[in-house]
Amino acid sequence: DGGRGLGERPHRGVPGVRSAAPAPAQGPGGGDQVSYTDHMLYSLLYLRVRACSFPPPPPCSHALAILKVETEMFEKYYNKMEPKDLVSHLLPDTHGASVDMGQTRPRRKSKSRVAADRFIGLTVEQKNELAQRELDETKEEIQQTKGDSERIIQNYQAVIEEAAIRWADIKKATCNFNKDIIQTISKKKGSVIASEKVLRYLEEKNHYRDAMKEKLRLKNDSLKVQKKKLQLQLKQKAEMGEALHEVDFQQLKIENAQFLEKIDERNQDLLQLKLTVGNTLQILNSYKRKLQNATTASARLMKDISQRKEALEKMERETILVEEERAKAESVTMQLRQQLSDYRVPPVVKYVNQKMAVYDLENNIKIWERKVEIAEMSLQSYRRAWKKVKMASNQLQFCLPLQGGQ
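292 is the number that the numbering used here gives to position 212 of the sequence shown; each next residue is one higher, with no gaps.
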């Protein structure tokens, strides 16, 4: 131990093994800035370099940090191994080490020396093997973590793309709904046409979704068939004992890139089809509005035509009645004309005689009217006298029974 310089210490986890290495750089707070894997690799590299040369020893704290890293690595490997594997791994080396110690012991040692030799240490090859295994496992974990991270990133990217597409579809549907339905409903509140437009719009959207769902289902079925085909090919390769080499991975990467390009092309085609479908739906809605307006105008015109037909029939009936009245009037006019043509004016003497007779008759009428008035006055006086006589007779008849009773 006389050649051991400052910074060299016996390995406390494995007695009898010397290990020293410069510690990694520390931060301002004194904490290590390098990961556990870097510690381990740095320690292994230093051990290999120190086997060839002996540089100036580092400070004790750095050597202690390296020893801690090595101890953690050995404990980790020890915890991973089964007891039987550990025994089978250490028995050959320990047997050889005990034989060598037995053969090279020329003199009797002290009790402390004997107690220290009872501990079994690891050789440099064993340490190298442990470090190499730990390095391989760490690389595998890094690759696995990288693959998992890439898959997670791809899933998130797919979710983001799907959300962006969905958001664009929602915005487009909202604009179309506001343009086609909301404006119409706001203009015609409570109308039946507005509710029919809403129902028709919802039915069209449901049909479009059903068609899209069927299309996606067919695409999913085709992808499932392709997946089964690829799995069958992989299974056949595994059964035939074919191992995947770097060329196969490159080929798979190329095929994956080609499929991604095809998927992008299909997505572009799908977006173009969506735009075309949106434009077609807008044109269809405009034609539907025109058809609805034409249907309304046609119904209004049919109603006007029916009203005018009724008015025409009424006018025809009135015309027939007027024709009949005209015929009657013409016949009366013909008769009057006939009478006028047959009429002869009487002589003047006869006219004078007739006038005189009329005058005499009027005078007689006046005389008789005066006589009638006189007769009515006489009748009224007679009636008054009769009433008086009748009242007197009634009083007399009333008084006579009273006198007879007395």
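All residues carry an ideal CB built from backbone N, CA and C; glycine is no exception.
None of the values given here were measured: they were computed from a predicted structure.
Nonlocal neighbours in the same chain, by C-beta distance under 7 Å from Gly358, ignoring five residues either side: Lys252
Touch test, the segment 302-317 against the segment 387-403, Cβ-Cβ under 8 Å, three pairs minimum: Contact between the segment 302-317 and the segment 387-403 is absent: fewer than three C-beta pairs spanning the two stretches fall below 8 Å.
Rounded C-alpha distance that separates Leu459 from Val469: 15 Å
Asp249 - containing alpha helix (DSSP H), residue span: First-last of the alpha helix (DSSP H) with Asp249: 204-257.
Whole-angstrom distance between Ala248 and Leu303, CA atom to CA atom: 26 Å
Within 7 Å, strictly: CB atoms of Lys277 and Ile261: yes
As assigned by DSSP and simplified to three states, the class of Ile424: The sequence shown places Arg at residue 424, rather than the Ile named in the question. Of the three classes helix, strand and coil, the one that applies to Arg424 here is coil, per DSSP.
Cβ-Cβ distance between Glu214 and Met153 below 7 Å: yes
Pro426: CB within 6 Å of a non-hydrogen atom of the ligand SAM: Although the ligand SAM was asked about, the structure shown includes no ligands whatsoever.
Local Cβ density within 10 Å of Ile146, reported as buried at 16 or more and exposed below that: buried
C-beta contact flag for Tyr158 and Leu210 at 7 Å: no
Beta-carbon separation (whole angstroms), Phe257 vs Tyr288, contact threshold 8 Å: The distance from the Cβ of Phe257 to that of Tyr288 is about 13 Å, inconsistent with a contact at the 8 Å cut-off.
Member of Glu150, Glu217, Gln234, Ile240 whose CA lies at the smallest distance from the CA of Leu202: Glu150
Span separating the alpha-carbon of Gln330 from that of Asn336: 10 Å
Close beta carbons around Tyr44, own chain, < 8 Å, minus the five adjacent residues each side: This structure cannot settle anything about residue 44, because the visible part of the chain is limited to 81 through 486.
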